[in-house]
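Numbering (the numbering used here), first residue to last: -4 to 184.
First up is the structure itself, then whatever we jot down about it.
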């Protein structure tokens, strides 16, 4: 039996190697984008490849912790990629004995700590609002604004037209602004 999008989670939990091959083939572009976003500016290509290997190894070893549908698996493996890349970033920062940066802001500067916290809080609010979007729209927004992919690359990876990506971004921005504006108004009351 071969792994498909309907049975790969069950087969992965049973330790079937074709399931991890399916996961690597299917989710490599997403994992690569997350790792490159975090490590790209400071890491060599071999370090990024090692980090991606660690992500898939962690998914293999911890697959029994995953609970959800196949549509949730992408978010789960991208979170693993994010934390593995952050760990690698920190290790590299300690090794180089340089100032570690978070979101492009030096942590050593006390005035920037407040800015980092504000950026994180705004990002959390945006993610909460994005959770109300359809799965395709969430994927498009994540790729565009968190992974900084071009609209053409997004269209190619999701097998939709560039015009569809443009339209979904436009409509999604309008919807998000309405939701976030109503949230802010509720907080002010």
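Note that beta-carbon positions come from the ideal geometry of N, C-alpha and C, so glycine has one too.
It should be emphasised that the depicted structure is a prediction, and the values quoted were computed from it without experimental measurement.
Could you tell me the alpha carbon to alpha carbon distance between residue i and residue j, rounded to whole angstroms?
i: residue 143; j: residue 23; result: 17 Å
i: residue 84; j: residue 1; result: 35 Å
i: residue 78; j: residue 87; result: 14 Å
i: residue 31; j: residue -3; result: 30 Å
i: residue 120; j: residue 126; result: 10 Å
i: residue 162; j: residue 147; result: 13 Å
i: residue 176; j: residue 128; result: 16 Å
i: residue 75; j: residue 174; result: 29 Å
i: residue 70; j: residue 169; result: 24 Å
i: residue 82; j: residue 62; result: 24 Å
i: residue 122; j: residue 17; result: 28 Å
i: residue 149; j: residue 28; result: 11 Å
i: residue 164; j: residue 139; result: 9 Å
i: residue 42; j: residue 15; result: 21 Å
i: residue 131; j: residue 124; result: 14 Å
i: residue 60; j: residue 160; result: 33 Å
i: residue 141; j: residue 40; result: 21 Å
i: residue 185; j: residue 153; result: With the chain represented from -4 up to 184, any question about residue 185 goes unanswered, as that position is not in the structure.
i: residue 33; j: residue 151; result: 22 Å
i: residue 35; j: residue 12; result: 30 Å
Say the cut is 6 Å; is the CB of residue i nearer than that to a heavy atom of the ligand HEM?
i: residue 141; result: Absence of the ligand HEM is noted for the structure shown, with no ligands found whatsoever.
Closest to residue i by C-alpha separation, out of the options, would be which residue?
i: residue 137; options: 73, 155, 174, 154; result: 73
i: residue 166; options: 4, 59, 133; result: 133
i: residue 155; options: 16, 8, 135; result: 135
i: residue 158; options: 170, 169, 145; result: 145
i: residue 47; options: 58, 80, 62, 65; result: 80
i: residue 118; options: 164, 160, 68, 171; result: 171
i: residue 7; options: 41, 40, 45, 55; result: 55
i: residue 19; options: 44, 40, 35, 34; result: 44
i: residue 5; options: 65, 41, 33; result: 65
i: residue 10; options: 40, 67, 57, 153; result: 57
i: residue 67; options: 35, 33, 3; result: 3
Determine, using beta carbons only, whether residue i comes closer than 7 Å to chain B.
i: residue 21; result: As a matter of chain content, chain B is missing from the structure shown, which is built from one protein chain.
Quiz prompt | the segment 37 to 52 touching the segment 10 to 24, judged by at least three CB pairs closer than 8 Å | solution = yes
Quiz prompt | Length at least 4, wholly inside the segment 130 to 164: the alpha helix (DSSP H) runs in chain order | solution = 130 to 136, 146 to 153
Exercise. Any chance you could list the alpha helix (DSSP H) runs of at least 4 consecutive residues sitting entirely within the segment 3 to 66, in chain order?
Key: 3 to 8, 12 to 34, 40 to 56
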